[in-house]
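For reference, each letter of the sequence shown is one residue, going 436 to 525 in this note's numbering.
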Amino acid sequence: MSQQNLDADQLRHLLCALTEDLNQFRLNTLILHKCQLLVTIIYNQQTKIQSLEAENGDLRSINRDRADKIFELECLVNPFSQDGDAICNE
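This is the structure:
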């Protein structure tokens with residue numbers, strides 16, 4: 436607006452528009468803040484998922500190793516099946 440004297444109605448209208456702009460700005464700021472929180476939560480969850488997937492892989496490896504050891508021990512105790520065939524490779 437150019438530099439001029441404004442009457443009361445024009446000032447009220449301008450104040451109303453500025454108040455509306457300020458309220459919209461506050462709303463947008465609040466939405467932005469919530470989006471930032473959501474991104475942080477998603478990032479933290481993704482990090483936790485990756486950690487759990489790595490731990491799961493480690494546990495699967497441990498289970499495979501244990502299954503191999505159990506099989507080896509079973510072969511030492513009884514290397515033959517019920518029909519007499521060898522079940523363990525020596």
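Just so it is clear, CB atoms sit at the ideal spot from N, CA and C, and this is done for glycine as well.
- Per DSSP, the continuous alpha helix (DSSP H) segment holding residue 505 begins and ends at 443 to 512.
- Apart from the 5 residues on each side of it in sequence, residue 510 sits with its Cβ closer than 6 Å to the Cβ of 523 in its chain, given in chain order.
- A straight-line Cα-Cα distance of about 32 Å links residue 465 and residue 486.
- Straight across, the Cα-Cα distance linking residue 483 with residue 476 is about 10 Å.
- Take the alpha-carbon of residue 470 and the one of residue 505: they are about 51 Å apart.
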